[in-house]
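Here's the structure we're looking at; comments come further down.
Numbering (full-length UniProt numbering), first residue to last: 1 to 467.
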């Protein structure tokens, strides 16, 4: 791992830790939250209640081991409700006490135990590790408790464990916690679906990546979970997880899922980057893989690109989105050249017109290889008659020479611009005079000295065409 990667990973870990701490602080036990101390009213429950709240044992009752453990739980709950757990604190004995007490029919004790466990998942792997062997017990408690608050806290614990390190993450996967939780809640409540999504998101963010087998299991669960999600953060997170997995194995991308999210425009602007990333993966396929959904994808792209460019002056964020769309169009045009006319029937058309002010405003677009790749594919698939019409409308020679002057330090863009010029000059002889008039030969002479052999060769070809 190089220094940049290491710093990026450390930054990511710190962000995840900060979010976990914020979550814990927002979920600290409040005196206004109500749970019954016991599911049944008995003399024993009254003794335990007194032990927990008053930290006392009646004189006529023997001070046994359970009461002593309740004293300890009460003490820990008070401590960690006010202060964070220290990262070097040995939690082993406390965890054992907690799992001796939890799930015995005393909801207030259960809540205290879970809050303590949640505090243990924050500081370090050292404080988390003793909890791992009790993950099946926590899942059993989750399935058996009737209280949503307690179910949610269990999911917070699972989520924090998944974010701690790969050993904890893998323990969550080995016990198939995400699948078990989904099966437990998908027919009864939607309230906990976002919390389940956070577990998956944390699983995907923990490095190194999970095994190929687990990635397949997680993406299958994502397809099932997605319709239940509410909130941009969770939808975007799950889409990022799907993208991360599909980048490793493109065949896992579900075409029906992709078509579905492109047909639902509601709030899609909030996670447009994630949708475009998935469409880009699709665009690398042979057309026969996505032909059935091609129109849905195309309509989505057209709506979004028109919407973005209609706003006029774009900041870099929106310009980068246009670059993604151009990249997708380029790939799809290679498979189906007829799509050129769909693309040119959008507001993208304004990017072809020679306009120096526009070039300055949209520098993120005109200094990106995606624009030139799209331009090249467009020219490449126009016949001679269409090229003449294109030249009349857009002055491409003037556009390309001006952009060449702006990108003389970018080798890849130079090559693409030269290839575009070569193709135009080959298809339209009348453009040669325009090229010469705009001092195109001077640029060729300068670039003939370029260290890149491909630049030199294209310059030589253009010299042959114009002479």
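For every residue, glycine included, the Cβ atom is placed at its ideal position computed from N, Cα and C.
Keep in mind it's a predicted model, so treat the numbers as computed, not measured.
Nearest neighbour of residue i, chosen from the options [CA to CA]
| i | options | result |
| --- | --- | --- |
| residue 49 | 59, 64 and 71 | 71 |
| residue 227 | 187, 204, 251 and 244 | 187 |
| residue 424 | 193, 320 and 392 | 392 |
| residue 171 | 143, 142, 195 and 125 | 125 |
| residue 282 | 251, 146, 151 and 271 | 251 |
| residue 105 | 35, 117, 356 and 269 | 35 |
| residue 158 | 44, 421 and 200 | 200 |
| residue 65 | 91, 363, 120 and 100 | 100 |
| residue 411 | 397, 458, 324 and 390 | 458 |
| residue 324 | 112, 397, 137 and 368 | 368 |
| residue 390 | 413, 344 and 402 | 344 |
| residue 112 | 77, 194 and 280 | 77 |
| residue 414 | 379, 371 and 193 | 371 |
| residue 103 | 144, 193 and 79 | 144 |
| residue 230 | 267, 422, 399 and 257 | 267 |
| residue 204 | 196, 279 and 162 | 162 |
| residue 175 | 139, 196 and 194 | 139 |
| residue 335 | 319, 287, 348 and 396 | 287 |
| residue 128 | 210, 87 and 109 | 87 |
| residue 302 | 285, 317, 431 and 328 | 328 |
| residue 315 | 350, 351, 365 and 353 | 365 |
| residue 193 | 238, 318 and 173 | 238 |
| residue 234 | 270, 69 and 346 | 270 |
| residue 209 | 173, 232, 46 and 400 | 173 |
Per-residue burial, residue i [other beta carbons within 10 Å of its own, 16 or more giving buried]
| i | result |
| --- | --- |
| residue 429 | exposed |
| residue 93 | exposed |
| residue 52 | buried |
| residue 63 | exposed |
| residue 384 | exposed |
| residue 90 | exposed |
| residue 306 | exposed |
| residue 274 | buried |
| residue 32 | Residue placement at residue 32 is flagged as unreliable, the pLDDT there being 44, under the threshold of 50; a coordinate-derived value is accordingly withheld. |
| residue 445 | exposed |
| residue 195 | buried |
| residue 110 | buried |
| residue 349 | exposed |
Other residues of its chain near residue i: CB distance less than 7 Å, five sequence neighbours each side excluded
| i | result |
| --- | --- |
| residue 277 | 243 |
| residue 272 | 304 and 321 |
| residue 137 | 99 |
| residue 456 | 448 and 450 |
| residue 431 | 391, 397, 424 and 425 |
| residue 117 | 98, 131 and 157 |
| residue 219 | 242, 245 and 252 |
| residue 56 | 50 |
Cβ-based neighbour list, residue i, same chain, cut-off 6 Å, excluding 5 preceding and 5 following
| i | result |
| --- | --- |
| residue 296 | 259, 262 and 263 |
| residue 330 | 373, 374 and 377 |
| residue 142 | 151 and 154 |
Residue-chain proximity (residue i, chain D), Cβ-Cβ < 9 Å
| i | result |
| --- | --- |
| residue 466 | The structure shown has no chain D; it contains just one protein chain. |
Inter-residue CB distance, residue i and residue j (contact presumed, cutoff 8 Å)
| i | j | result |
| --- | --- | --- |
| residue 107 | residue 134 | No, residue 107 and residue 134 are not in contact; Cβ-Cβ is about 19 Å, not under 8 Å. |
| residue 402 | residue 356 | 7 Å |
| residue 168 | residue 132 | 6 Å |
| residue 73 | residue 61 | Actually they are not in contact, since the Cβ atoms of residue 73 and residue 61 sit about 18 Å apart, beyond 8 Å. |
Chain-order list of residues whose beta-carbon lies under 8 Å from that of residue i (same chain, five-residue window excluded)
| i | result |
| --- | --- |
| residue 381 | 333, 337 and 340 |
| residue 189 | 148 |
| residue 39 | 105, 106 and 107 |
| residue 221 | 178, 179, 182 and 200 |
Practice item. Decide if the stretch 282 to 296 is in contact with the stretch 307 to 321; the criterion is three or more beta carbon pairs, one per stretch, under 8 Å apart. Key: no
Any contact of the stretch 209 to 216 with the stretch 180 to 200, i.e. 3+ C-beta pairs under 8 Å? no
Any 3 or more C-beta pairs closer than 8 Å across the stretch 431 to 439 and the stretch 410 to 418: The answer is no - the stretch 410 to 418 does not touch the stretch 431 to 439, with fewer than three Cβ pairs under 8 Å.
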